[in-house]
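Numbering (my numbering), first residue to last: 1135 to 1321.
The structure appears below as structure tokens.
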């Protein structure tokens, strides 16, 4: 946190966090399997309602209001995350962040399509788990692999490019921080 970083180093940290996440997922497979095997019809209905509500909220937040409104929301979220880490950003840092957000490859329609694919995949996997309990853990691992690496090659490429863009954004912002901001990040 106290020295400058490259986009490559930022992506390496992202990969390290992803590896830690995967280890925690593996530890959760057994309890998730028990849960999946115990789901009742009312719980299926609740999950389907939750997906519908979540999709509507995402559409309201990211697909309504035009490009400028979406970029403003994206900027606000990014600013909030960076200021949580570094404290208040300077006007120059805010302007640089805003410029990067305006060139973001974020495409809410693509994301929403992938969200729905994942939700359909989850429901199908959970049903398969209940009919093939001996394969449940492997089925859940395979489902999770499809969450992290979309079987849609176009979306997988989009996701990879978006991650790279965010690594570049983070490195640029981090490298613009003051000693005080970096001390805040360390703290």
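Backbone N, C-alpha and C define an ideal beta-carbon position, used for all residues, glycine too.
The structure displayed is predicted, hence computed values, not measured ones.
For a cut-off of 8 Å, the C-beta gap from residue 1283 to residue 1290 is around 6 Å, short enough to register as a contact. Annotated as distal: residue 1231 and residue 1208, with beta-carbon spacing of 8 Å or more. Taken in chain order, the complete alpha helix (DSSP H) segments of 4 or more residues contained in the region 1212–1297 are 1225–1236, 1242–1265, 1270–1282.
Taken through DSSP and simplified to helix, strand or coil, residue 1311 comes out as coil. Look at the region 1150–1201 and you find these whole runs of alpha helix (DSSP H), each 4 residues long or longer: 1175–1196. Within the model, the alpha-carbon separation for residue 1238 versus residue 1299 is close to 7 Å. Contact between the region 1293–1309 and the region 1192–1200 is not established, with fewer than three Cβ pairs separated by less than 8 Å.
Nearest Cα to residue 1203 within the set 1164, 1235, 1285: 1235.
Taking each of 1288, 1245, 1219 in turn and checking the Cα distance to residue 1317, the smallest one comes out for 1219. Under the Cβ criterion (8 Å, minimum of three pairs), the region 1301–1314 does not count as touching the region 1265–1280. Contact between residue 1260 and residue 1166 is ruled out by a C-beta separation of about 10 Å, above the 8 Å threshold.
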